[in-house]
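Beneath this line is the structure, given in structure tokens, with notes to follow.
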Amino acid sequence: MTDIRKDSVTLHTVDEEEAGQRIDNFLLRVLKGVPKSHIYRILRSGEVRLNKGRVDASARIATGDVLRIPPVRIAEKKPLGRHIAPAATFPVVYEDEVLLVINKPAGVAVHGGSGVSFGVIEQLRQAHPDWRYLELVHRLDRETSGLLMVAKKRSALVKLHELIRNNVPDKRYLALGLGHWPADLRHVKLPLFKFSTPEGERRVQAGPDGIAAHTVFRVVTPYRSFTLVEAQLKTGRTHQIRVHMQESGHPIAGDEKYGDFGFNKELARRGLKRMFLHATSLTLPHPLTGERLELKAPLPAELSAFLESLTPYGQDL
1 MTDIRKDSVT
11 LHTVDEEEAG
21 QRIDNFLLRV
31 LKGVPKSHIY
41 RILRSGEVRL
51 NKGRVDASAR
61 IATGDVLRIP
71 PVRIAEKKPL
81 GRHIAPAATF
91 PVVYEDEVLL
101 VINKPAGVAV
111 HGGSGVSFGV
121 IEQLRQAHPD
131 WRYLELVHRL
141 DRETSGLLMV
151 AKKRSALVKL
161 HELIRNNVPD
171 KRYLALGLGH
181 WPADLRHVKL
191 PLFKFSTPEG
201 ERRVQAGPDG
211 IAAHTVFRVV
221 TPYRSFTLVE
231 AQLKTGRTHQ
241 IRVHMQESGH
251 PIAGDEKYGD
261 FGFNKELARR
271 GLKRMFLHAT
281 SLTLPHPLTG
291 ERLELKAPLP
301 AELSAFLESL
311 TPYGQDL
């Protein structure tokens, strides 16, 4: 990849990994630190040229195209030192030249935004400045632990997104619900829609005007006051498992948004200080080779320890 300089004109030849992107998205990615408004201004003014001609922001680039990128000004406002993402690595479950799968700990956002200065992706980029491409394939809630895919090449990202759109990956989670989960409650199909609270907090609610959502549940272990279930996602809506379990009458233990808030305080005193939701397994074809990948992340120690403290269903004290 050509070294794109911000202080001089660059003639950049598009390679196979970059082909297919909209030109505005490509510039936003490679010209980090340049205000978005400035990028659209140089596109409108014709300072950016594609094969020596003017180009619209929505045009897609192809292999072999030559882009003329003018000198650009980096935003002068520097982030405060405390907002600079510290370099960090995370437990690696799978890695090759195009794909990285990590076991994300609970309490860590996947990316900065919404009051979070940085997340997993920013920390990985700081830890691996030699990696030219690094993008999230999907998201996990900040409170959820487990398997998270990161693409190291754009070709892998494009293919993985195609697989996800076609519902090919088999993603399964372990969740601890309050109460006794009925054996016949397996398929939950409740449409979900997103909204914001008056305080600006993002929430999800079930309702007829929502987008179709489907989760398959399987009882793993019944306990006296809880049920450990496996949740298989058939769709990937925001907070899907959390809301489907809440609507089924069995909210996730420790869920601060959709759970039993009073009982959560009792759970914290008993040692569960986080939401009991963990992305435990992921099965899918490799995005480039097609090889079947079966990836697993065991329950974190704090969740396993809490299960050990519970009384199995039907067992006397």
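Read in full-length UniProt numbering, the sequence shown has 173 at position 173, and its numbers run on one by one without any break. Beta carbons: idealized from backbone N, C-alpha and C, even for Gly.
Which term fits residue i, buried or exposed, when burial requires 16 or more other beta carbons within 10 angstroms of its beta carbon?
i, result
"Glu-122", "buried"
"Pro-79", "In this prediction, Pro-79 scores a pLDDT of 46, lower than 50, which makes its location untrustworthy; the coordinate-derived value is nonetheless stated afterwards. The residue in question, Pro-79, is exposed, as its Cβ has fewer than 16 Cβ neighbours within 10 Å."
"Asn-264", "buried"
"Gly-119", "buried"
"Lys-32", "exposed"
"Trp-181", "buried"
"His-187", "exposed"
"Phe-26", "buried"
Assuming residue i and residue j make a contact with CB atoms under 8 Å, what is their CB distance in whole Å?
i, j, result
"Leu-233", "Gly-254", "Not a contact, Cβ separation roughly 20 Å."
"Lys-36", "Val-98", "About 28 Å; that fails the 8 Å criterion."
"Arg-179", "His-250", "Reading off the sequence, residue 179 comes out as Gly, not Arg. So it is a contact: roughly 5 Å between Cβ atoms."
"Leu-303", "Val-101", "With a Cβ gap of about 20 Å, Leu-303 and Val-101 do not count as contacting."
"Leu-174", "Leu-293", "About 19 Å separates the two Cβ atoms, so there is no contact after all."
"Leu-192", "Val-204", "5 Å"
"Glu-17", "Ser-155", "6 Å"
"Gly-236", "Ile-164", "7 Å"
"Leu-310", "Phe-226", "6 Å"
Mapping the DSSP letters down to three states, classify residue i as helix, strand or coil.
i, result
"Met-149", "strand"
"Lys-189", "coil"
"Asn-264", "helix"
"Phe-118", "coil"
"Asn-167", "coil"
"Ala-127", "helix"
"Asn-51", "coil"
"Val-216", "strand"
"Arg-41", "helix"
"Arg-203", "strand"
"Ser-309", "coil"
"Glu-291", "coil"
"Ile-241", "helix"
"His-161", "helix"
"Gln-21", "coil"
"Arg-172", "strand"
For residue i, which residues in the same chain have their Cβ closer than 6 Å to its Cβ, ignoring the five residues on either side in sequence?
i, result
"Thr-221", "Leu-228"
"Val-137", "Met-149, Ala-151, Leu-160"
In chain order, what residues of the same chain lie with their CB nearer than 8 Å to the CB of residue i, ignoring the 5 residues before and after it?
i, result
"Pro-312", "Thr-221, Pro-222, Tyr-223, Arg-224"
"Arg-127", "The displayed chain sequence assigns Ala, not Arg, to residue 127. Excluding sequence neighbours, Ala-127 sits near Ala-87, Ala-88, Thr-89."
"Tyr-40", "Asp-24, Ala-57"
"Thr-238", "Leu-192, Lys-194, Arg-202, Val-204"
"Glu-135", "Ile-121, Val-150, Ala-151, Arg-154, Leu-157"
Apart from the five residues on each side of it in sequence, which residues of its chain come closer than 7 Å, Cβ to Cβ, to residue i?
i, result
"Asp-65", "Val-14, Leu-50, Asn-51"
"Ala-183", "Val-219"
"Thr-63", "Val-14, Asp-15, Glu-16, Ala-19"
Would the region 146 to 161 and the region 198 to 213 be scored as touching if the rule is three or more Cβ pairs under 8 Å?
-> no
Counting Cβ pairs, one atom from each stretch, are 3 or more of them under 8 Å apart for the region 282 to 296 and the region 162 to 174?
-> With the cut-off at 8 Å, the region 282 to 296 and the region 162 to 174 touch.
Would the region 12 to 26 and the region 51 to 70 be scored as touching if the rule is three or more Cβ pairs under 8 Å?
-> yes
Touching by the beta-carbon criterion (3+ pairs, under 8 Å), the region 233 to 248 and the region 285 to 299 | no
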